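2 protein chains.
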Amino acid sequence: MHLPPKALRWLADRIGPLGGDTPIAPDSLLAVPDSRLPDDARRALEAVVGVERVLTGRGDRLGRAGGLSYLDLLRRRNYGEIDVPDAVVLPADPEQVQLLLDACAAHDVGVVPFGGGTSVVGGVNALRGTKESVVALDLLRLDALVSVDPVSRLAVLQAGVRGPEAERLLAAHGLTLGHVPQSFERATIGGFAATRSAGQASSGYGRFDDMVAGVRMATPAGEWRLGVAPASAAGPDLRQLAIGSEGALGVITEVTLRVRPQPIEQRFEGFVLDGWERGAGAVRELAQSGLLADVTRLSDVDESEVSLSLNAGWKTAALRRYLSARGIGQPCLLVLGWHGATERRIALRRKETVRVLKAHGAVAVRPIGESWRKGRFHGPRQRDALLGLGVCVETLETAAHWSGIHRLRDAVRAALTTSLAANGHSPVVMCHISHAYETGASLYFTVLAARDDADPIGQWQRAKDAACEAISGVGTERGPFGTISHHHAVGVDHAPYLAAEVGELGVGVLAAVKRRVDPGGILNPGKLVKDGE
Amino acid sequence: MHLPPKALRWLADRIGPLGGDTPIAPDSLLAVPDSRLPDDARRALEAVVGVERVLTGRGDRLGRAGGLSYLDLLRRRNYGEIDVPDAVVLPADPEQVQLLLDACAAHDVGVVPFGGGTSVVGGVNALRGTKESVVALDLLRLDALVSVDPVSRLAVLQAGVRGPEAERLLAAHGLTLGHVPQSFERATIGGFAATRSAGQASSGYGRFDDMVAGVRMATPAGEWRLGVAPASAAGPDLRQLAIGSEGALGVITEVTLRVRPQPIEQRFEGFVLDGWERGAGAVRELAQSGLLADVTRLSDVDESEVSLSLNAGWKTAALRRYLSARGIGQPCLLVLGWHGATERRIALRRKETVRVLKAHGAVAVRPIGESWRKGRFHGPRQRDALLGLGVCVETLETAAHWSGIHRLRDAVRAALTTSLAANGHSPVVMCHISHAYETGASLYFTVLAARDDADPIGQWQRAKDAACEAISGVGTERGPFGTISHHHAVGVDHAPYLAAEVGELGVGVLAAVKRRVDPGGILNPGKLVKDGE
């Protein structure tokens with residue numbers, strides 16, 4: 003992805019001189035230790051999937067070594083060490099997954115379930131924990147639509163199906179899942195479930211956890227199937243232990259998902275509101291009135307400023323004058339997207355929504371919506387490009403109840419700005435609401451700073467720690483201002499902050515569940531719950 | 003409650019000669035064993051709440067002995083033994099609840115958390131399990147609205163607040179919870195959460211588990227607080243272990259609830275559809291189109307027949323002719339109720355709904371809705387009256403995905419009918435859908451049979467077992483047709499069927515969680531998970 007010179011000049015003005023160019027290192031230059039998988043373990047795995055489905059080549063192992071966090075990306079540029087699995091195993095179906103877990107348990111081999119490899123929290127890093135060896139269990143061959151129940155609007159998809167393929171398979175039945183996170187192009191059904199993913203259209207289609215009607219999960223203690231009804235009072239909802247289990251409590255092999263008819267019509271629009279508080283107030287009213295569009299995304303002043311400054315397609319100066327004449331001095335962009343069976347249905351919903359927005363002083367700027375839609379999956383590639391040019395670029399997200407979101411935003415912005423200020427420059431810290439609920443909203447931050455080439459990893463780790471402390475209140479007397487993750491999971495990066503949110507008792511309960519389903523502690527070492535907790 | 007002679011004649015015609023009159027026995031005639039609470043335990047409890055808040059009188063203990071299942075009601079008529087707690091303890095606040103659990107753990111005393119006492123699954127029966135003594139922990143003094151956050155639309159209510167009081171407290175802030183199960187008048191906030199309750203307006207306001215944003219729970223392993231954001235990906239949603247924990251994993255002391263503005267307007271209407279399949283198809287389309295009224299309740303032909311036969315207020319014969327002339331030979335009554343801020347908003351929603359219903363051949367009979375609304379909390383009293391007249395009368399409920407609801411209904415009806423057929427008469431088995439979802443619906447059965455006075459308890463236990471086996475597939479090769487409970491919890495009665503739904507591994511996980519939070523196994527012995535599982 004090409005970044006225009008104008009954008010780079012703007013950026014250097016804002017954040018100071020960028021770090022050096024840093025291309026992705028070729029695999030051959032990365033340090034990859036030899037496989038430590040013992041021969042007997044290897045033979046046991048081969049007995050399940052066949053010799054050709056247990057891969058120990060350098061490239062195969064590097065291909066399943068970690069995810070897509072900024073630190074992961076730095077490691078691919080030869081900053082820091084990559085945790086590389088000792089082998090990659092490719093099961094064909096849920097039965098083979100179960101047999102592989104049995105074999106790994108018997109040989110005390112760690113197992114990292116691997117889907118799209120898009121974790122931004124270290125969720126698929128090949129940590130060993132207490133194990134001598136660890137394998138990546140790549141679910142790519144579990145790529146089938148198992149069944150469709152059009153009457154109940156349910157579909158069973160295997161865990162390895164990626165976002166676009168899920169939509170293609172369902173489209174043949176006139177159905178859609180409607181789950182489109184930014185990782186859509188690579189991430190998998192199993193990964194969405196294991197991380198409690200949310201997508202760009204979650205305001206309309208619900209979070210992924212809302213879509214999961216049932217799960218099939220392999221565990222070292224045997225296979226576990228959950229979900230027989232649309233709702234149940236048969237004790238605690240144990241599906242909610244599988245959803246968000248992050249590969250640490252089992253390997254999700256199939257997911258039964260609520261699906262919907264493919265929308266015939268789509269409509270994206272943009273509005274501009276005057277200032278963050280006003281914008282958030284409008285989104286809150288929409289959420290609390292049941293009037294949210296399927297896609298609802300409000301940028302704060304800083305993010306809007308970046309959009310307006312960098313988007314070459316808009317006549318920015320003219321737009322600013324237009325907005326200013328309508329009383330908007332602090333533009334906050336709001337993208338709305340509706341899906342619907344007919345234009346009439348969309349128009350009905352839109353009319354009520356626009357009525358609320360007008361009352362909050364919103365000005366319609368239609369192209370903002372379409373422009374956002376076209377670039378909706380570009381984020382990861384833009385980040386790659388910026389990173390290659392010497393920018394420290396990362397995102398993080400949280401959520402809070404409405405009465406606390408301004409406090410939360412202020413605290414995270416202050417933490418990031420203070421931590422990343424250097425040489426008289428401050429970082430760009432942008433924020434948007436991408437998911438709104440009756441009781442609160444998510445906050446998604448994007449940070450751009452000049453990379454400190456002397457210690458790029460430490461630079462970001464300190465900033466991330468500062469942000470996490472601001473969110474969770476770790477190291478303070480107060481409780482958390484928000485959740486440590488609204489839709490990216492715990493992984494390695496957020497594990498130190500989990501107890502602040504769910505209590506030491508909560509962490510202890512997760513550990514107790516893990517001991518029951520994974521007595522040998524082979525599943526995804528170091529993620530979600532650590533050994534010995 | 004008075005039952006008209008016409009209704010009784012109709013009933014005797016249908017189900018055969020009723021059993022004998024059976025009034026509720028005065029407390030003095032019921033067998034109440036002496037309290038077995040050891041003196042040192044008693045002193046420890048008194049040290050927390052004061053001498054006058056530890057009750058060991060016969061009437062006080064009987065008042066917290068069991069719930070409102072048919073078997074509970076029979077026991078109050080001196081059929082079978084009542085499990086009576088050894089004492090009743092009345093804490094004033096969450097801190098005292100925690101101290102009481104500590105004291106009970108120290109003295110190895112079982113604890114049955116007690117709210118409204120409306121369990122229909124044995125959930126508050128004072129079983130001892132392995133304990134020498136057991137106390138009822140009555141939460142009636144935890145009756146406060148702790149705080150209101152109008153911006154986030156959240157309210158914190160203590161666990162002992164009953165339905166009407168919750169609404170009264172919230173109404174002072176212009177808010178409502180909108181949770182109105184049939185137990186509304188007696189049941190408590192803590193009980194709703196502990197049992198994953200659903201109410202008559204759950205189609206609009208959501209199930210109680212949808213409303214719970216946070217919980218505060220006392221456990222023998224310490225206090226546990228959960229819920230900091232509207233949604234989270236910080237691992238599994240542990241709130242979902244507290245919701246539905248049935249007093250076996252902790253004592254819920256406070257619940258943070260999503261609230262809504264009080265509706266200004268309400269509108270109830272009735273429609274009639276031709277036959278069950280057609281009616282269910284219409285409700286399914288409404289649910290899958292986002293057009294459900296806040297209250298949506300479809301009766302099958304049998305239940306509609308009873309309504310039409312017994313409701314003295316309607317000109318039944320004329321109504322039948324009217325319906326017949328409109329092509330409805332098998333009337334199924336559909337009650338719809340809308341709540342809204344304005345008549346206009348209700349009218350907008352109603353218009354779309356009626357359009358769908360007309361396409362399914364529905365005929366509007368408006369008084370059906372209002373008539374249902376007036377009698378909406380009468381069920382328990384009607385049941386009491388029938389029971390006193392010698393009728394075996396009970397309800398049970400389940401849920402399934404849409405493609406399976408007819409199979410599920412047929413199976414449960416067949417099981418109940420076969421089990422309760424006697425002397426050439428069949429029972430009346432009625433069914434309605436009270437909760438509809440995109441992917442499925444609940445089925446709520448009401449059974450009327452002539453009571454077998456020789457063995458009334460065995461008569462119903464066999465029928466209930468037959469129904470549970472039909473639902474869960476226990477004793478067969480097939481899996482469950484539906485959930486063992488959609489909104490009444492597990493308690494004692496459904497415990498044998500839980501493994502069929504969540505797996506032996508699921509039961510094992512619950513037991514592992516219980517051991518972590520309640521190592522001494524003092525909490526609600528015999529409910530949800532049994533000792534030693």
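Top line first, the protein sequences correspond to chains A and B.
Under this note's numbering, the residue at position 397 of the first sequence is numbered 399, and the numbers go up by one with no gaps.
Under this note's numbering, the residue at position 295 of the second sequence is numbered 297, and the numbers go up by one with no gaps.
By construction, the Cβ of each residue, glycine as well, lies at the ideal position given by its N, Cα and C atoms.
Remember, it's a predicted structure, so these values are computed and weren't measured experimentally.
| query | How about the stretch 400-420 of chain A and the stretch 95-107 of chain A: do they share at least three Cβ pairs that are nearer than 8 Å? | reply | no
| said: In whole angstroms, give me the CA-to-CA distance for A/L350 and B/L144. | reply: 45 Å
| Does the separation of the CB atoms of A/L259 and A/A157 fall below 8 Å? | Between A/L259 and A/A157, the gap from beta carbon to beta carbon is short of 8 Å.
| field | Stretch-stretch touch, CB-based, cutoff 8 Å, three pairs: the stretch 181-188 of chain B with the stretch 244-252 of chain B | value | In short, these stretches do not touch, since the Cβ pair count stays below three.
| query | Is the CB-CB distance between A/T120 and A/G69 below 8 Å? | reply | yes
| task | Check the Cβ of A/S405 against every Cβ in chain B and list those closer than 9 Å, keeping chain order. | result | D151, P152, V153, S154 and L156
| task | Taking B/T258 as part of the beta strand (DSSP E), name the residues at either end of that continuous run. | result | V253 to R260
| said: For A/M219, which residues in the same chain have their Cβ closer than 6 Å to its Cβ, ignoring the five residues on either side in sequence? | reply: W226, A244, G252 and I254
| message | What does the alpha-carbon distance come out to for the pair B/A168 and B/V494? | response | 28 Å
| B/D74 versus B/A456, B/W340, B/E396 and B/A468, residue with shortest Cα-Cα distance | B/E396
| said: If I measure Cβ to Cβ from B/R328 and keep anything under 6 Å in the same chain, skipping five residues before and after, which residues do I get? | reply: Taken in chain order, the residues that qualify are V365.
| When DSSP labels each residue in this structure, what does B/V358 get in the three-state scheme? | It is helical.
| message | Taking the straight line between their C-alpha atoms, what separation do you get for B/L57 and B/L312? | response | 44 Å
| Where do the N-terminal and C-terminal ends of the beta strand (DSSP E) with A/E267 fall, by residue? | E267 to D276
| request: Could you give the DSSP three-state label for A/E551: helix, strand or coil? | output: Residue coverage of chain A in this structure runs from 3 to 535, which leaves residue 551 of chain A outside it and unanswerable.
| said: Just to confirm the assignment, what range does the beta strand (DSSP E) spanning B/S428 have? | reply: Element bounds for B/S428: n/a, residue is neither H nor E.
| Close Cβ partners of B/L418 (< 8 Å) along its chain, the five nearest in sequence each way excluded | P429, V431, F447, V449, A465, A468 and A469
| task | Have a look at the DSSP bridge pairing and note the partners of A/A138. | result | According to DSSP, A/A138 shares a beta bridge with A/V90 and A/V114.
| message | Please list, in chain order, the chain B residues whose beta carbon lies closer than 7 Å to that of A/E440. | response | A/E440 reaches chain B at R155 and R260, counting residues in chain order whose Cβ is nearer than 7 Å.
| Which one of A/L391, A/I330 and A/V297 has the shortest CA to CA distance from A/V274? | A/I330
| request: Would you mind telling me which residues of chain A sit closer than 8 Å to B/E167, beta carbon to beta carbon, in chain order? | output: Going along chain A, no residue has its Cβ under 8 Å from B/E167, so there is no contact; the nearest lies around 23 Å.
| Going along chain A, which residues have a C-beta under 7 Å from B/A295? | Those within 7 Å of B/A295 in chain A number zero; the least Cβ separation is about 14 Å.
| said: What does the alpha-carbon distance come out to for the pair B/A223 and A/G510? | reply: 10 Å
| field | Check whether B/S154 and A/H403 have beta carbons under 8 Å apart | value | yes
| task | Kindly list, in the order they appear in chain A, the residues whose Cβ is closer than 8 Å to that of B/G510. | result | A223 and R518
| field | DSSP beta-bridge partners of A/L228 | value | According to DSSP, A/L228 bridges with A/V217.
| request: Determine, using beta carbons only, whether B/G460 comes closer than 8 Å to chain A. | output: no
| said: Does the CB of A/I370 have a neighbour CB from chain B at under 8 Å? | reply: no
| chain A within 8 Å of B/V476, Cβ atoms only | no
| According to the Cβ coordinates, are B/L39 and B/L391 closer than 8 Å? | no
| task | Could you tell me which chain A residues have their CB closer than 7 Å to the CB of B/E503, listed as they occur along the chain? | result | Listed along chain A are V230 and A236, each with a C-beta nearer than 7 Å to that of B/E503.
| said: Taking its Cβ as the centre, do 16 or more other Cβ atoms sit within 10 Å of B/A456, making it buried, or is it exposed? | reply: With a 10 Å radius around the Cβ and a threshold of 16 neighbouring Cβ atoms, B/A456 comes out exposed.
| query | Which same chain residues, not among the five before or five after A/G229, have their C-beta less than 7 Å away from its C-beta? | reply | Once the five neighbours on either side are set aside, the close Cβ partners of A/G229 are A215, G216, V217, R241 and T258.
| request: Kindly indicate which three-state DSSP category A/V367 falls into: helix, strand or coil? | output: The answer is coil: DSSP assigns A/V367 none of H, G, I, E or B.
| task | Check A/Q160 in the structure and name its three-state DSSP category. | result | strand
| query | For B/W462, which residues does DSSP report across the bridge? | reply | Answer is none; B/W462 lacks a bridge partner.
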